[in-house]
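Numbering (our numbering), first residue to last: 138 to 569.
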């Protein structure tokens, strides 16, 4: 056994032993999060009935990963009738989304923490035939336990950033030891494949299958949605709608400055701002008051099915992707400040011209998809943001063409979910 893994095992056990009494006391006193805490400790009250079918344990951390998992799960069920799936997630929001995936052969649970006792209890209870980890979830105790039980392991829709590689290389002896126990890596891009090999993956086990998020984006397209949204928000077909999505600290001020300049020529223009973290709503409302800008909270718009102001502040979760459908132009946040950017393909699927800043480190793959199709517009500051919005408003034919290029680029990348599903099935068959 690797000495670094032994150290990790002791350290993780010590941390859990120290925190566990306080966690259990909080649960006992408040009565909250009982299911979450007990399942994360590896105790599952319901039974996983014995089955003649193969059992896939698929782990997706939170909402984004669960949504991607959904498209892969659908492909698995279509391809193999003797299969049931246990989908685990880490967060309450992820669990809530997972439970909405209704299928008689699917069960949803909270994932165990990476504490050896909890992990072993979970494996004993679930009894999977394969462990599938979405993106790049490398948990030593999970992987070591699966290998000890001779359960194959696959990483699918795998992606790994330069920053993550740099961090893993600081503990390369442990990471390499764990990664080499994984049977299959189904990565998003050649860069991801190269990076996973840098931290110890055996090249022969690595394949490139594309990003299943493209399949998810295509399935989210509902041509009736923009009609419904425009109706209750009282937006005319000729109105220019600027949507700034997933904005971070410092970006709202730039967006609002550009919008105020834009209003001088287009006084009917509507602006919709959706911060990345809704906890910042009060900070943004204070900024709006200082700028003497009237606004509606989107939660109020939904309740009243109406709109009073030209500026809407989105204070709800899960609505941004749909609001992109009514945009004339979209700015994706986290990119004018060094926060890694956001997924520029979410608005692209709606045939929208997409604007972003220079800081797109976490979504370079998505940026490259758009730019290769002449469908992405990068700006460096609020002045360029204003000029770009005005240019798109002045030249509607150009804006439409960019939007069409964007959607076409997304459609061409579909089909990855099926490839990832095939990797899972092939890995399962080889181990049988």
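All residues carry an ideal CB built from backbone N, CA and C; glycine is no exception.
Residue 391: not part of any beta strand (DSSP E); member of the alpha helix (DSSP H) spanning 388 to 400, first to last residue. Contact annotation, residue 485 with residue 544: C-beta distance approximately 6 Å; criterion of less than 8 Å satisfied.
Distance from the CA atom of residue 428 to the CA atom of residue 267, rounded to whole angstroms, is 56 Å. Rounded to whole angstroms, the separation of the alpha carbons of residue 174 and residue 568 is 33 Å.
Contact between the region 301 to 310 and the region 329 to 338 is present: 3 or more CB-CB pairs across the two stretches fall below 8 Å. Residues of the same chain with a CB within less than 8 Å of the CB of residue 389, apart from the 5 flanking positions on each side, are 381, 410, 412, 421 and 424 in chain order. A straight line joining the alpha-carbon of residue 378 with that of residue 386 spans about 22 Å. Taking one beta carbon from each stretch, the region 523 to 531 and the region 320 to 328 have fewer than 3 pairs nearer than 8 Å; the two do not touch. DSSP, reduced to helix, strand and coil, places residue 244 within a strand of the structure shown. Linking residue 306 to residue 238 through their CA atoms gives a straight-line distance of about 37 Å. The beta carbons of residue 452 and residue 418 sit about 5 Å from each other, so the pair counts as a contact at 8 Å.
Distance from the CA atom of residue 461 to the CA atom of residue 368, rounded to whole angstroms, is 15 Å. A residue is called buried once 16 or more other Cβ atoms fall within 10 Å of its Cβ, and residue 251 is buried on that count. Using a Cβ distance threshold of 7 Å, residue 458 and residue 483 count as a contacting pair.
For residue 192, the enclosing beta strand (DSSP E) begins and ends at 191 to 196. The DSSP-derived three-state label of residue 309 is helix.
A straight line joining the alpha-carbon of residue 551 with that of residue 159 spans about 47 Å. Counted as a single uninterrupted DSSP element, the beta strand (DSSP E) harbouring residue 290 occupies residues 290 to 295. By alpha-carbon distance to residue 283, the top candidate from 352, 310 and 253 is 253. Taken through DSSP and simplified to helix, strand or coil, residue 277 comes out as helix.
If you look at residue 255, you'll find it in the alpha helix (DSSP H) that goes 253 to 263. Assigned with DSSP and collapsed to three states, residue 412 falls in strand. A Cβ-Cβ contact shorter than 7 Å links residue 177 with residue 247. The beta carbon of residue 343 sits closer than 7 Å to those of 322, 324, 330, 333 and 334, all from its chain and outside the five residues before and after it, given in chain order. A distance below 6 Å between beta-carbons, with the five flanking residues on each side excluded, links residue 140 to no residue of its chain.
By the CB criterion at 7 Å, residue 510 and residue 542 fall inside the cutoff. If you draw a straight line from the Cα of residue 181 to the Cα of residue 274, it comes to about 22 Å.
According to the DSSP assignment, residue 345 belongs to the beta strand (DSSP E) that extends over 343 to 345. Note on residue 151: under 16 other CB atoms within 10 angstroms of its CB, so exposed under the neighbour-count rule. A straight line joining the alpha-carbon of residue 346 with that of residue 203 spans about 18 Å. Nearest neighbour of residue 522 by Cα position, chosen from 340, 397, 223 and 372, turns out to be 397.
Unbroken beta strand (DSSP E) stretches of 3 residues or longer found wholly inside the region 315 to 367: 321 to 324 and 343 to 345, given in chain order.
By the C-beta density criterion, residue 138 is exposed, having fewer than 16 other C-beta atoms within 10 angstroms. In the three-state reduction of the DSSP assignment, residue 463 falls in the helix class, which pools H, G and I.
Nearest in C-alpha terms to residue 508, of all of 518, 493 and 499, is 493. Going by DSSP, residue 470 is part of no beta strand (DSSP E) at all; its letter is neither H nor E.
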